[in-house]
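Participant:
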Amino acid sequence: MKYVAEFRDAELVKRSAQQIRREVTRPWTLMEICGGQTHAILRYGIDELLPTEIELVHGPGCPVCVTPLEQIDKALALASLPNVIFASYGDMLRVPGSGRDLFSVRAAGGDVRVVYSPLDAVTMARENPDTEVVFFAIGFETTAPANAMSVYQAATLGLKNFSVLVSHVRVPPAMHAILGGEHNRVQGFLAAGHVCAVMGYWEYPPIAEQYRTPIAVTGFEPLDLLRGVLDAVRLLEAGVVKVVNSYGRAVTYEGNRPAQELIKKVFLECDRKWRGIGNIPMSGWGLRPEYAQFDAERRFDVSAIRSEESPICVAGQILQGQLKPPQCPAFGTLCTPQHPLGATMVSSEGACAAYFHYNKAALLSEVSNG
Amino acid sequence: MADVIKTAAIEGMVCPVPLRHAEKIVQGHGSGGKLMQDLIAKTFLAAWDNPILSAGNDAGVIPTQGVARLAISTDAHVVSPLFFPGGDIGRLAVCGTVNDVAMLGAQPLYLTVSFILEEGLDLSTLERVVASMHAAATEAGVQIVAGDTKVVGRGMADGLYISTTGVGLLPEGTAIHGAAAQPGDGVIISGSLGDHGIAVLSARGELGFETELASDVAPLNGLISEMLGASQGIHVLRDPTRGGLATTLNEIVRQSKVGIILKEGTLPIKPAVDAACELLGFDPLYIANEGKLVAVVSREDSSRVLEAMRSHEYGKEAAIIGEVVAEPTGRVLMETLIGSHRVVDVLMGELLPRIC
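Top line first, the protein sequences correspond to chains Y and L.
Note that my numbering numbers the first sequence so that position 41 is 41, with each residue one more than the last.
Whatever position you read off the second sequence (first residue = 1), add 1000 for my numbering.
Written out as structure tokens, the structure reads:
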């Protein structure tokens, strides 16, 4: 495929990895934020190409994984209501709430539909004026513009039967939480290129400065990932703290201004719980008061639902880069994508699912070799 | 891997109880993946187990008093929409069963058909489906010899469902089945992957973009005859339908107690399928095909079989995509373009588009 295949070229990838090997002199721990990057790393075996000095740890950038149990339980309650079409991104159907998932709700008669875009849910509301349509508006800065657009369009169209269950999260507060954490091991960040394509990277220099941690804005193809690693390693080796853009073909400093304005028009920063991590102050977006009529939590009175996670789940440590998936005793045995114990095994972007799908044989042989 | 990861000792940590979906049928039970395999093992095989069923092939082989054995297979067909680019539910119902019988090296001869029709279905729709079934049966050289029809109330079915059962003759000495793959064998695919699944998804109009892809639905018994004429060294034939190539190859490695290594650059995938998968977060290895087969062939006969396949209409884009290895047993691995390896696992439940 044009504009993609070039960035998977085997020869260039090997050369790029050699360059990193030549320049690295000390051990460095880098975190890739985004679950899409974790998957690309394992899918293409980038971790096998890197010198042993570089350890990649996996960040909390999987929207499905970090959506809190409480919001999932609210989704399950909404989807079970009569006369409600509950529309969701596909990944979310498999995430277990307290005892059920959206598949179970659908099998029990709930009208749960997968949409590829939130605007499809708006269309659904227009085509079914006597039915309530609720869209599960989750995700990072990447999905926020389209989710905001669905609310904006519903308002413009004067739709009375459309609402959203919002569970938006933002990357910069999560980086603060990780870098400021007691057990932080991260020395350099690969920032999520797609998030930055929307938001730019003007939010990152203060973070780099505050924690003395260099950041490379990084893409998703093998060559992009290696470029991000190389740039981060160069900064670390030189002792330079700053933010560099290693994904220039998609990201600018300012980002996509109209998208940011639309987000600001519809959403307001708010505290948000992250599954497995807990509350991170001002780490999410909720609806602005002027769009409160589109808030499904108000319309259907599910805001009272409170769910507590098992305090012994290790997904939180995995999402903060303190543990790797195979270090969980349940990984691959009690916990598989078919029977996920935690959200990180559920999503196609979850770190545990990535390890399970792409790397299990290697892990098994290492375990058996001692 | 660069950094060796040790597993932690099991102490103190217990995770929440997982969802097994053991009480109600969910869509994933029909996906062709692990949930469906579990359903077959725990519900059907547990009740009906016998050596013919538990051989786990696309068709059952029945000994007879005469000269040849019978190969029998049955399949229910549901698809939305009923008509899609490249085919329709009727062609699918004939080809699906013909192919399952043919995958044992048998010659498919007869089909029986049963319809479940929804009240209110246009008769002209049914007539189009029936005509399409006739055309497909004629192409495959099989006759439809028995049938049944039931009508259910409006809203109780999605237009129409078709079940077909196929019977074929299996010559003495033919031993093509899922447990026959041997280390050193070549793995051949008859053409491009994922055309049917993406064409049907696109025809549903839910993707937000359109493709010019057509389903590959086709009877493959003619192609198989050519292959069998070219070589005695064909060990396994399978059609990678639901669950895609990945799931089919995993079945073969498990039944044959071998491993398979695929080479990433060799897989034939149309640019439109590749692009649609890239956008939706799907992997073409898990997308359904309805007119493709995977053949496991002895190393010395691989190129001869490949040549025979390429000379047939339904095998023009055939390619050798990997080889059978002794270790790791029960695993399918992919050698990536950059020389690293990854595991290619079975599809778990329902195929879901990714969020971003």
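Note that CB positions come from ideal geometry on N, CA and C, so glycine has one too.
Small disclaimer: the values here were computed from a predicted structure and weren't measured.
Compute the distance between the beta-carbons of Arg-272/Y and Gly-284/Y, then report whether it is under 8 angstroms.
Facilitator: Yes, these two residues count as a Cβ contact at 8 angstroms.
Participant: Please list the partners that Glu-23/Y has in chain L, where partner means a Cβ-to-Cβ separation under 8 angstroms.
Facilitator: Simply none; closest approach about 16 angstroms.
Participant: So the alpha helix (DSSP H) His-168/Y belongs to, where does it begin and stop?
Facilitator: Counting along the chain, His-168/Y falls outside any alpha helix (DSSP H), though it belongs to the beta strand (DSSP E) covering 162–169.
Participant: Please name the residue, chosen from Glu-132/Y, Val-105/Y, Ala-148/Y, Gly-219/Y, that lies closest to Ser-117/Y on a Cα-to-Cα basis.
Facilitator: Closest option to Ser-117/Y, Cα to Cα, is Ala-148/Y.
Participant: For Glu-1278/L and chain Y, any beta-carbon pair shorter than 8 angstroms?
Facilitator: By this cut-off, Glu-1278/L is an interface position.
Participant: Report yes or no: do three or more beta-carbon pairs, one from the region 59–70 of chain Y and one from the region 273–280 of chain Y, lie closer than 8 angstroms?
Facilitator: The region 59–70 of chain Y vs the region 273–280 of chain Y: in contact.
Participant: Quick check on Pro-222/Y - is its C-beta less than 8 angstroms from some C-beta in chain L?
Facilitator: Judged by the 8 angstroms Cβ criterion, Pro-222/Y is in contact with chain L.
Participant: For the alpha helix (DSSP H) containing Val-1094/L, name the first residue and the last one.
Facilitator: Val-1094/L -> alpha helix (DSSP H) spans 1089–1102.
Participant: Note down the Cα distance separating Val-1294/L from Ile-1188/L, rounded to an integer number of angstroms.
Facilitator: Their Cα atoms are separated by approximately 6 angstroms.
Participant: Let's see if you can read the secondary structure: which residues bound the alpha helix (DSSP H) around Gln-210/Y?
Facilitator: Unbroken alpha helix (DSSP H) run through Gln-210/Y: 205–211.
Participant: So what does DSSP say about Gly-278/Y, is it helix, strand or coil?
Facilitator: Residue state, collapsed to three classes: strand.
Participant: What first and last residue would you give for the beta strand (DSSP E) that runs through Gly-29/Y?
Facilitator: The identity of residue 29/Y in the sequence shown is Thr, whereas the question assumes Gly. Looking at the DSSP string, the run of the beta strand (DSSP E) that includes Thr-29/Y is 28–34.
Participant: Whose CA, out of Ile-138/Y, Ser-104/Y, Ile-72/Y, Leu-223/Y, lies closest to the CA of Leu-1337/L?
Facilitator: Minimum Cα distance to Leu-1337/L is reached at Leu-223/Y.
Participant: Count the C-beta pairs between the region 1169–1184 of chain L and the region 1192–1206 of chain L that are closer than 8 angstroms, then say yes if the count reaches three, no if not.
Facilitator: The region 1169–1184 of chain L vs the region 1192–1206 of chain L: no contact.
Participant: Would you kindly work out how many angstroms separate the C-alpha atoms of Ala-292/Y and Thr-143/Y, rounded to a whole number?
Facilitator: So the two alpha carbons sit approximately 20 angstroms from each other.
Participant: Checking contacts by CB at 8 angstroms: is Pro-1284/L closer than that to chain Y?
Facilitator: No, its Cβ sits nowhere closer than 8 angstroms to a Cβ of chain Y.
Participant: Please check if any C-beta of chain L sits within less than 8 angstroms of the C-beta of Arg-8/Y.
Facilitator: Yes, Arg-8/Y counts as interfacial toward chain L.
Participant: Between the alpha carbons of Ile-1234/L and Gly-1205/L, how many angstroms are there, rounded?
Facilitator: Approximately 40 angstroms, taken between the alpha carbons.
Participant: Please identify the residue among Ser-1256/L, Gly-1184/L, Val-1305/L, Pro-1081/L whose C-alpha is closest to the C-alpha of Ser-1231/L.
Facilitator: The option with the nearest alpha carbon to Ser-1231/L is Val-1305/L.
Participant: Does Ser-1298/L come out as helix, strand or coil in the three-state DSSP assignment?
Facilitator: In this structure, Ser-1298/L counts as coil in the three-state DSSP scheme.
Participant: Quick check on the DSSP output: the beta strand (DSSP E) that includes Met-199/Y runs from which residue to which?
Facilitator: It is not in any beta strand (DSSP E) - Met-199/Y instead sits in the alpha helix (DSSP H) that spans 193–199.
Participant: To test your reading of the DSSP string, which unbroken alpha helix (DSSP H) runs of 4 or more residues are found completely within the region 1262–1316 of chain L?
Facilitator: As far as the region 1262–1316 of chain L is concerned, its whole alpha helix (DSSP H) runs of at least 4 residues are 1271–1280, 1302–1310.
Participant: Going by DSSP, what residue range makes up the alpha helix (DSSP H) through Tyr-152/Y?
Facilitator: Counting along the chain, the alpha helix (DSSP H) containing Tyr-152/Y begins and ends at 144–157.
Participant: Quick check: the Cα distance between Tyr-355/Y and Leu-1249/L, rounded to an integer number of angstroms?
Facilitator: About 20 angstroms.
Participant: Check whether the Cβ atoms of Leu-1092/L and Val-1079/L sit closer than 8 angstroms, and answer yes or no.
Facilitator: Contact: yes.
Participant: Using beta-carbon positions only, say whether Val-1236/L and Gly-1291/L come within less than 8 angstroms of one another.
Facilitator: It is not a contact, given that the beta carbons lie outside the stated cut-off.
Participant: Can you list, in chain order, the residues of its chain whose CB lies under 6 angstroms from that of Asp-1283/L, leaving out five sequence neighbours each side?
Facilitator: The answer is none, since no qualifying residue turns up.
Participant: Hey, how far is the Cα of Asp-1185/L from the Cα of Val-1297/L?
Facilitator: The straight-line gap from Cα to Cα measures roughly 5 angstroms.
Participant: Give the single residue among Pro-326/Y, Cys-34/Y, Asp-47/Y, Asp-101/Y whose Cα lies nearest to the Cα of Met-175/Y.
Facilitator: If we check each option's Cα against that of Met-175/Y, Cys-34/Y comes out closest.
Participant: Would a C-beta distance cut-off of 8 angstroms place Gln-260/Y and Met-345/Y closer than the cut-off?
Facilitator: Going by C-beta atoms, Gln-260/Y is not nearer than 8 angstroms to Met-345/Y.
Participant: How many Å lie between Val-1142/L and Ser-307/Y at the Cα?
Facilitator: Straight-line Cα distance between these residues: approximately 59 angstroms.
Participant: Using C-beta distances below 7 angstroms, list every residue in its chain close to Pro-1063/L, excluding the 5 sequence neighbours before and after it, in chain order.
Facilitator: If we look at Pro-1063/L and ignore the five residues flanking it on each side, its Cβ neighbours are Arg-1069.
Participant: Under a three-way DSSP split, which group does Ala-353/Y fall into?
Facilitator: The answer is helix: DSSP assigns Ala-353/Y an H, G or I state.
Participant: Under 8 angstroms, Cβ to Cβ, is there at least one residue of chain C near Pro-1085/L?
Facilitator: Protein chains in the displayed structure are Y and L, and chain C is not among them.
Participant: Could you tell me the distance, in whole angstroms, from the CA atom of Gly-36/Y to the CA atom of Cys-62/Y?
Facilitator: Distance between the alpha carbons of Gly-36/Y and Cys-62/Y is about 8 angstroms.
Participant: Going by the beta-carbon positions, is the gap between Ala-1319/L and Thr-1266/L smaller than 8 angstroms?
Facilitator: Result yes, Cβ atoms of Ala-1319/L and Thr-1266/L sit closer than 8 angstroms.
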